[in-house]
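Just below is one structure, and these are the notes that go with it.
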Amino acid sequence: MFSLFLEQLLNSLQSGLMLFLMASGLTLVFGVMGLINLAHGSLYMVGAFACAAVAAWTGSFWLGLVASLMAAALAGVLVEMLIIRRLYNRDHLDQVLATFALILVFSEGTRWIFGSFPLFLSVPDILTGTVVLPGALEYPIFRLAIIIAGLVVAVGLFLLIGKTRLGVRIRAGEADRGMIAALGVNIDQLYTVVFALGAALAGLAGAFVGTTQSVQVGMGEPVLILAFVVIVIGGIGSIKGALIGSLLVGFTDTMGRFLLPHAFATFLDPSSATAVGSALASMLIYIVMALVLFLRPSGLFGTEA
Amino acid sequence: MTMNRETLINTIIAVAFVAVPVIAMGMNEPFIITLATKVAIFAMAGVGLNLVLGFGGLVSFGHAAFFGIGGYAAGILASHALNYEPIMESPFLIEGTTQMIVIWIVALVVSALVALAIAAITLRTSGVYFIMITLAFAQMIYYFAISWPAYGGEDGLSIYVRNGFPGINTLDPISFFALCAVMLGIVMLFSAVLIRSRFGLALQGARQNPQRMTAVGIAPFRIRLVAFVISAMITALAGALYADLNRFVSPTMLSWHMSGEIMIFVILGGVGRLFGPLAGAALYIILEHLLGSVWEFWQLPLGVLLLIVVLFARGGLVGVLAGERKHA
Chain A
4 MFSLFLEQLL
14 NSLQSGLMLF
24 LMASGLTLVF
34 GVMGLINLAH
44 GSLYMVGAFA
54 CAAVAAWTGS
64 FWLGLVASLM
74 AAALAGVLVE
84 MLIIRRLYNR
94 DHLDQVLATF
104 ALILVFSEGT
114 RWIFGSFPLF
124 LSVPDILTGT
134 VVLPGALEYP
144 IFRLAIIIAG
154 LVVAVGLFLL
164 IGKTRLGVRI
174 RAGEADRGMI
184 AALGVNIDQL
194 YTVVFALGAA
204 LAGLAGAFVG
214 TTQSVQVGMG
224 EPVLILAFVV
234 IVIGGIGSIK
244 GALIGSLLVG
254 FTDTMGRFLL
264 PHAFATFLDP
274 SSATAVGSAL
284 ASMLIYIVMA
294 LVLFLRPSGL
304 FGTEA
Chain B
75 MTMNRETLIN
85 TIIAVAFVAV
95 PVIAMGMNEP
105 FIITLATKVA
115 IFAMAGVGLN
125 LVLGFGGLVS
135 FGHAAFFGIG
145 GYAAGILASH
155 ALNYEPIMES
165 PFLIEGTTQM
175 IVIWIVALVV
185 SALVALAIAA
195 ITLRTSGVYF
205 IMITLAFAQM
215 IYYFAISWPA
225 YGGEDGLSIY
235 VRNGFPGINT
245 LDPISFFALC
255 AVMLGIVMLF
265 SAVLIRSRFG
275 LALQGARQNP
285 QRMTAVGIAP
295 FRIRLVAFVI
305 SAMITALAGA
315 LYADLNRFVS
325 PTMLSWHMSG
335 EIMIFVILGG
345 VGRLFGPLAG
355 AALYIILEHL
365 LGSVWEFWQL
375 PLGVLLLIVV
385 LFARGGLVGV
395 LAGERKHA
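Here is the structure:
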């Protein structure tokens, strides 16, 4: 029981960190440019497909990983310069609709190029196998590597935002766009960079997750909605909120699915316990979100509603 | 009343909407009648959303929840009636039914209750939070429908015989179209009257300037709450009809793509226009049909077209044809 529990705990951490890679880009783009981007899940998909295609072509997962970063960032830059740029001054309704249209274009375009069959990414040899953790738990090395990579990226992002000149500009952009433009920062360029950064993080998450699941059209959408829940819980625009929210959602979702059927089994018969438990578990993060919003309408670390 | 340009365009849309299926019946093309029925139903869902989105300025990205609730009301009641299984026996007996009128009442009541609960939480927020939270609540219901095995789960629920309506053979395509078209007419008339009423003015006032509304003694929250509930009920009614049209209901009706599509009907036609949802739904179905028949990946050009509409043709189809709205 303990090793099972530990395994689920690590899985929670992994899904939380992958969510953070998605949610941080989403929240940065909203915080700096005031844009709600539904197509963020498409960039995640682009990253996964780029990784799978390049890995299959060259035989190297690592080249695939580089490709996922580059393809997603490139797609981000293109989309920002062609379309997203025109939406910053529009109301949220236009943004929702235009980025929804982008999802249609990305999904259908990907289906056109790669077909409807899922692709599979195989784990590089060096990361196959398992490690033995306390409680005699055999945990796949690759999942452990994803957790470590997620942690490294998260720390790197915090350093980037907190310690570098670009980070200062991004934070200044969140506080007052007009002022930093007046101070001589090329605001258009900053927007493109922020968008590309968010896109690259989403693409990286797509490549990581693509190795544990199949790579297919539409894979970005469930993650996108989870990332929305995360940034709503954490407070839109806050990186710290995105991290706390991601971990909270990752743990609630994974542990809920694991523990709730067991909990119901103590007073229900096994089949209905599984049914009720898993139905409730699938709703749990939304219940948590509703609770958080009921208490704090602008999220845990949000400043304005 | 003098006929302005928007009235003229509305008349053309309405005449075309009725004429096409009638001509199709003459030419023995039942498929076109089914498409027109789909337009009527989608337009009705759009009329519901337009009430909060167009007139109330509340961007709900979760109206698929109500569309699906309406659909499941039809599916669940009909399946119980078909299997002679009461829905519950204690404390009092509730049986299934294949009568559309009863199904509609159930759909209206259930969607109103769910909408009330959702609105009570979501209306505390605004802007982008509102968009995401309405989306999240709809997803919650979607995942519930998928993981709850009693009514088909992911596979959905078939309605083996289309439910009945007194005096009408609902299995006959043109009769079912007429029923849907009349219901759409009633809903549009209701919506038009509502918008011009004191309540409708207060709703639009709350969109334009909530502070001023509060200052004259009208609480925007309550106005919006009522509008959200009415809007959800209209969309649920459309959902019940949609389930009967397809004789099938599945979690797809609850999915966020559905929410996006209902939103597209409204935007494509023209936000805050009475005939906007009908024009938008008709255009969407025509595009789907035409593009879909020439290219398998028809959603790609649809997405591009939608982008062009959002970026360059603000005001949608009715807006482009009829010009600026008189009373924005």
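So the sequence lines, in the order shown, correspond to chains A and B. Each number in this note's numbering corresponds to the 1-based position in the first sequence with 3 added. Each number in this note's numbering corresponds to the 1-based position in the second sequence with 74 added. A virtual CB, placed ideally from N, CA and C, is assigned to each residue, including glycine.
(request) Leaving out five residues on either side along the sequence, give the residues of the same chain with a beta carbon under 7 Å from the beta carbon of B:Lys25. (result) Here chain B has residues from 75 to 402 only, and residue 25 of chain B is not among them.
(request) Answer yes or no: does any C-beta atom of chain D fall closer than 7 Å to that of A:Met36? (result) Although the question refers to chain D, the structure presented lacks it and instead comprises the protein chains A and B.
(message) DSSP has A:Thr133 in a bridge; who is on the other side?
(response) A:Pro143
(message) Please state the DSSP three-state secondary structure of B:Met75.
(response) Annotation note: pLDDT 46 at B:Met75 (below 50); position unreliable, coordinate value reported separately. Three-state result, B:Met75: coil.
(request) Identify, in the order they occur along the chain, each residue of the same chain with its Cβ nearer than 6 Å to the Cβ of A:Glu83, setting aside the five sequence neighbours on each side. (result) Thr195, Phe198
(request) Starting from the beta carbon of B:Tyr358, find every residue of chain A whose beta carbon is closer than 9 Å, and list them in chain order. (result) By Cβ distance, chain A contributes nothing, its closest Cβ being about 12 Å from B:Tyr358, past 9 Å.
(request) Using 10 angstroms around the beta-carbon of B:Met75, count the other beta-carbons present and answer buried if the total reaches 16, otherwise exposed. (result) Caution is warranted here: a pLDDT of 46 is assigned to B:Met75, below 50, making its placement in the model unreliable, and no coordinate value can be reported.
(message) I'd like to know if A:Leu107 contacts chain B, where contact means its C-beta is closer than 7 Å to some C-beta of that chain.
(response) yes
(message) Beta-carbon within less than 6 Å of A:Leu29's beta-carbon, same chain only, minus the 5 sequence neighbours each way: which residues are those?
(response) His43, Ala230, Ile234
(request) Compare the Cα-Cα distances from A:Ala278 to each of A:Leu9, A:Tyr289, A:Pro264 and report the closest residue. (result) Proximity to A:Ala278 across A:Leu9, A:Tyr289, A:Pro264 peaks at A:Pro264, based on C-alpha coordinates.
(request) Determine, using beta-carbon pairs with one atom in the stretch 319–336 of chain B and one in the stretch 230–238 of chain B, whether at least three such pairs fall under 8 Å. (result) Contact between the stretch 319–336 of chain B and the stretch 230–238 of chain B is present, because at least three Cβ pairs lie under 8 Å.
(message) Per DSSP, what are the beta-bridge partners of B:Met162 in this structure?
(response) Partner(s): B:Ile168.
(message) Just checking B:Phe295 against the ligand HEM - is the residue's beta carbon closer than 6 Å to any of the ligand's heavy atoms?
(response) Although the ligand HEM was asked about, the structure shown includes no ligands whatsoever.
(request) Note down, in chain order, each residue of its chain lying with its Cβ closer than 7 Å to the Cβ of B:Leu342, except the 5 sequence neighbours on either side. (result) Gly354, Leu357, Tyr358, Val383, Gly390, Leu391
(message) Any beta carbon from chain A within less than 7 Å of B:Met214's own beta carbon?
(response) At a cut-off of 7 Å, the C-beta of B:Met214 has a neighbouring C-beta in chain A.
(message) Short of 8 Å in beta carbon distance, which residues of its chain neighbour B:Pro160, apart from the five on each side in sequence? Order them along the chain.
(response) Closer than 8 Å at the Cβ level, and outside the excluded window around B:Pro160, lie His154, Leu167, Ile168, Glu169, Gly170.
(message) For B:Val188, report the span of its alpha helix (DSSP H) as first-last.
(response) 174–196
(message) Checking 7 Å against the spacing of the C-beta atoms, do B:Leu385 and A:Arg89 come in under that value?
(response) yes
(request) Whole angstroms is fine: what's the gap from A:Thr133's alpha carbon to A:Met222's? (result) 27 Å
(request) Look at the alpha carbon of B:Ala219 and the alpha carbon of A:Leu186, and state the distance between them as a whole number of angstroms. (result) 53 Å
(request) Give me the Cα-Cα distance between A:Glu224 and B:His331, rounded to the nearest whole angstrom. (result) Rounded to the nearest angstrom, the two C-alpha atoms are 10 Å apart.
(request) Mind listing the chain B neighbours of A:Gly289? Cutoff is C-beta to C-beta under 7 Å, in chain order. (result) In the sequence as presented, Gly is not what sits at residue 289 of chain A; that position holds Tyr. Those are Ala210, Phe211, Gln213, Met214, listed as they occur along chain B.
(request) Look up A:Val291 in the DSSP assignment and say whether it is helix, strand or coil. (result) helix
(request) Starting from A:Leu107, trace the alpha helix (DSSP H) both ways and give me its first and last residue. (result) 95–117
(request) Taking only the alpha-carbon atoms, compute the straight-line gap between A:Phe23 and B:Ala293 and give it to the nearest angstrom. (result) 38 Å
(message) Using only the alpha-carbon positions, how far apart do A:Ile129 and A:Ala202 sit?
(response) C-alpha separation (whole angstroms): 28 Å.
(request) List in chain order: all unbroken beta strand (DSSP E) runs of 3+ residues lying wholly within the stretch 31–72 of chain A. (result) none
(message) Between which two residues does the alpha helix (DSSP H) holding B:Ile269 run?
(response) That run of the alpha helix (DSSP H) goes 247–270.
(message) Going residue by residue through the stretch 112–166 of chain B, where are the continuous alpha helix (DSSP H) segments of at least 4 residues, counting only ones entirely within it?
(response) 138–157
(request) Compute the Euclidean distance between the alpha carbons of B:Ala186 and A:Asp94, then round it to the nearest angstrom. (result) 28 Å
(message) Let me make sure I understand the geometry here. Which of B:Ile308, B:Tyr316, B:Ala189 has the alpha-carbon closest to that of B:Ser265?
(response) Here the closest residue by C-alpha is B:Ile308.
(message) Among the candidates B:Ile205, B:Pro165, B:Ala276, whose CA atom is the shortest distance from the CA of B:Phe135?
(response) B:Ile205
(request) Classify A:Ser27 as buried or exposed, calling it buried when 16 or more other Cβ atoms lie within 10 Å of its own Cβ. (result) buried
(message) Distance check for B:Ile207 and A:Leu298, CA to CA, integer angstroms please.
(response) Whole-angstrom Cα-Cα distance: 14 Å.
(message) Does B:Ala93 pass the burial test, meaning 16 or more other C-beta atoms within 10 Å, or should it be called exposed?
(response) So B:Ala93 ends up on the exposed side.
(request) Please state if the CB of B:Gly144 and the CB of B:Ala301 are separated by a distance shorter than 7 Å. (result) no
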